[in-house]
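Read through the structure below, which is laid out as C-alpha coordinates, and then see the notes.
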Amino acid sequence: MPVQDSPELFWLVLVTLLTALLWVPYILQLMAQMGPVGALMDAEGLHPHEAKWAQRAKRAHYNAVENLVVFAPLAITVHALGVGDGLTAGAAAVYFFARLAHYLFHVLGLPVVRTLAFLAGWVCQLALAFRLLGWM
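Just so we're aligned: the sequence shown equals residues 19 to 154 in the working numbering.
As C-alpha coordinates, this is what we get:
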(Lines of atoms letter the chains of each structure in order from A; the text may use other names.)
(Lines give C-alpha, C1' and ligand atoms only; values in the text may rest on other atoms or scores of the structure.)
Protein backbone atom coordinates (compact mmCIF):
# COMPACT_ATOMS: atom_id res chain seq x y z
CA MET A 19 0.00 0.00 0.00
CA PRO A 20 1.52 3.35 -0.97
CA VAL A 21 1.59 6.00 1.73
CA GLN A 22 -0.76 8.16 -0.34
CA ASP A 23 -3.53 5.81 0.84
CA SER A 24 -2.94 6.92 4.43
CA PRO A 25 -2.82 10.68 5.01
CA GLU A 26 -1.10 10.22 8.37
CA LEU A 27 1.69 8.11 6.82
CA PHE A 28 1.96 10.42 3.80
CA TRP A 29 2.53 13.46 6.01
CA LEU A 30 4.84 11.46 8.28
CA VAL A 31 7.05 10.63 5.29
CA LEU A 32 7.11 14.31 4.30
CA VAL A 33 7.91 15.41 7.87
CA THR A 34 10.70 12.82 8.01
CA LEU A 35 12.09 13.95 4.66
CA LEU A 36 11.97 17.59 5.77
CA THR A 37 13.76 16.72 9.01
CA ALA A 38 16.37 14.75 7.06
CA LEU A 39 17.18 17.85 4.98
CA LEU A 40 17.28 20.53 7.69
CA TRP A 41 21.01 20.05 8.37
CA VAL A 42 22.01 21.10 4.84
CA PRO A 43 21.86 24.92 5.22
CA TYR A 44 23.94 25.12 8.39
CA ILE A 45 26.52 22.64 7.11
CA LEU A 46 26.85 24.60 3.87
CA GLN A 47 27.35 27.74 5.97
CA LEU A 48 30.09 25.97 7.95
CA MET A 49 31.78 24.88 4.71
CA ALA A 50 31.67 28.45 3.44
CA GLN A 51 33.07 29.66 6.76
CA MET A 52 35.87 27.10 7.17
CA GLY A 53 36.26 25.57 3.74
CA PRO A 54 35.07 22.05 2.95
CA VAL A 55 38.13 20.33 4.42
CA GLY A 56 38.17 22.46 7.57
CA ALA A 57 34.49 21.84 8.18
CA LEU A 58 35.03 18.08 8.02
CA MET A 59 38.21 17.83 10.13
CA ASP A 60 36.90 18.34 13.67
CA ALA A 61 36.56 14.86 15.16
CA GLU A 62 34.66 16.24 18.16
CA GLY A 63 32.07 18.08 16.05
CA LEU A 64 32.63 21.34 17.89
CA HIS A 65 32.82 23.69 14.92
CA PRO A 66 31.48 27.08 15.93
CA HIS A 67 29.06 28.58 13.44
CA GLU A 68 29.90 32.27 13.16
CA ALA A 69 26.59 33.09 11.48
CA LYS A 70 23.79 33.49 14.02
CA TRP A 71 21.24 32.18 11.52
CA ALA A 72 23.23 28.94 11.20
CA GLN A 73 23.29 28.53 14.98
CA ARG A 74 19.53 28.95 15.01
CA ALA A 75 19.15 26.52 12.08
CA LYS A 76 21.08 23.88 14.00
CA ARG A 77 18.87 24.35 17.07
CA ALA A 78 15.74 24.24 14.91
CA HIS A 79 16.96 21.00 13.33
CA TYR A 80 17.54 19.45 16.75
CA ASN A 81 14.05 20.54 17.78
CA ALA A 82 12.60 18.95 14.64
CA VAL A 83 14.32 15.64 15.44
CA GLU A 84 13.05 15.76 19.02
CA ASN A 85 9.49 16.35 17.85
CA LEU A 86 9.65 13.72 15.11
CA VAL A 87 10.14 11.19 17.92
CA VAL A 88 6.74 12.21 19.29
CA PHE A 89 4.87 12.61 16.00
CA ALA A 90 6.04 9.43 14.24
CA PRO A 91 4.67 6.84 16.68
CA LEU A 92 1.40 8.74 16.94
CA ALA A 93 0.93 8.85 13.15
CA ILE A 94 1.97 5.21 12.74
CA THR A 95 -0.36 4.06 15.52
CA VAL A 96 -3.31 6.02 14.10
CA HIS A 97 -2.75 4.22 10.80
CA ALA A 98 -2.10 0.80 12.34
CA LEU A 99 -5.27 0.92 14.43
CA GLY A 100 -7.34 2.29 11.55
CA VAL A 101 -8.65 5.24 13.56
CA GLY A 102 -7.63 7.88 11.02
CA ASP A 103 -10.23 10.33 9.80
CA GLY A 104 -10.46 13.91 8.62
CA LEU A 105 -9.28 15.23 11.97
CA THR A 106 -6.14 13.08 12.08
CA ALA A 107 -5.40 13.69 8.40
CA GLY A 108 -5.75 17.43 8.92
CA ALA A 109 -3.63 17.35 12.06
CA ALA A 110 -0.88 15.48 10.22
CA ALA A 111 -0.93 17.97 7.34
CA VAL A 112 -0.93 21.00 9.63
CA TYR A 113 1.91 19.41 11.60
CA PHE A 114 4.10 19.33 8.48
CA PHE A 115 3.51 23.00 7.71
CA ALA A 116 3.89 23.98 11.37
CA ARG A 117 7.31 22.27 11.48
CA LEU A 118 8.37 23.95 8.24
CA ALA A 119 7.22 27.32 9.58
CA HIS A 120 8.95 26.69 12.91
CA TYR A 121 12.25 26.05 11.14
CA LEU A 122 11.97 29.12 8.92
CA PHE A 123 10.90 31.42 11.75
CA HIS A 124 13.67 30.08 13.97
CA VAL A 125 16.32 30.66 11.28
CA LEU A 126 14.98 34.16 10.68
CA GLY A 127 15.11 34.93 14.40
CA LEU A 128 11.39 35.58 14.86
CA PRO A 129 10.71 34.14 18.33
CA VAL A 130 7.01 34.95 18.73
CA VAL A 131 5.84 33.40 15.46
CA ARG A 132 8.36 30.56 15.93
CA THR A 133 6.69 29.76 19.25
CA LEU A 134 3.22 29.94 17.68
CA ALA A 135 4.34 27.52 14.95
CA PHE A 136 5.73 25.19 17.61
CA LEU A 137 2.45 25.32 19.53
CA ALA A 138 0.48 24.56 16.36
CA GLY A 139 2.56 21.42 15.88
CA TRP A 140 2.12 20.46 19.51
CA VAL A 141 -1.67 20.80 19.21
CA CYS A 142 -1.52 18.49 16.19
CA GLN A 143 0.39 15.92 18.26
CA LEU A 144 -2.26 16.22 20.97
CA ALA A 145 -5.04 15.72 18.41
CA LEU A 146 -3.49 12.43 17.28
CA ALA A 147 -2.89 11.30 20.86
CA PHE A 148 -6.41 12.23 21.95
CA ARG A 149 -7.90 10.32 19.00
CA LEU A 150 -5.87 7.26 19.99
CA LEU A 151 -7.08 7.58 23.58
CA GLY A 152 -10.69 7.93 22.41
CA TRP A 153 -10.96 11.43 23.83
CA MET A 154 -11.88 12.99 20.49
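All C-beta atoms in this analysis are idealised placements derived from N, C-alpha and C, irrespective of residue type, glycine included.
Throw me the rounded Cβ distance for the THR37 and ALA82 pair, which I believe falls under 8 Å.
-> Confirmed, Cβ separation roughly 5 Å.
Starting from the C-beta of ASP103, find all residues in its chain whose C-beta is less than 6 Å away, skip the five residues before and the five after it, and write them out in chain order.
-> none
Figure out for me which residue from GLY152, ALA145, GLY56 and TRP153 has the closest Cα to the Cα of GLU26.
-> ALA145
What distance in whole Å lies between the Cβ atoms of ALA138 and ALA116, which are believed to be in contact at a cut-off of 8 Å?
-> 4 Å
Answer with yes or no whether the minimum CB distance from ASN81 to chain D is below 8 Å.
-> Of the chains in the structure shown, none is chain D; there is only one protein chain.
Can the beta-carbon of ALA119 be found closer than 8 Å to that of ALA135?
-> yes
Along the chain, where does the alpha helix (DSSP H) that runs through PRO66 open and close?
-> From DSSP, PRO66 is part of no alpha helix (DSSP H); its letter is neither H nor E.
Roughly how far, in whole angstroms, is the beta-carbon of VAL125 from the beta-carbon of TRP71, given that I think they are within contact range, below 8 Å?
-> 5 Å
Reduced DSSP category for PRO20 - H, G, I as helix; E, B as strand; rest coil | Residue state, collapsed to three classes: coil.
Can you list, in chain order, the residues of its chain whose CB lies under 8 Å from that of ALA150, leaving out five sequence neighbours each side?
-> At residue 150 the sequence reads Leu, which differs from the Ala that was named. If we look at LEU150 and ignore the five residues flanking it on each side, its Cβ neighbours are LEU92, THR95, VAL96, LEU99 and VAL101.
Is the CB-CB distance between ALA90 and LEU30 below 8 Å?
-> The answer is yes: Cβ separation under 8 Å.
Once you ignore the five residues that flank ALA75 on each side, which residues in its own chain have a CB closer than 6 Å to its CB?
-> So the qualifying residues of the chain are PRO43, TYR44 and VAL125.
Would you mind listing the alpha helix (DSSP H) stretches within the segment 107-151 that are 4+ residues and don't spill past its ends, in chain order?
-> 129-151
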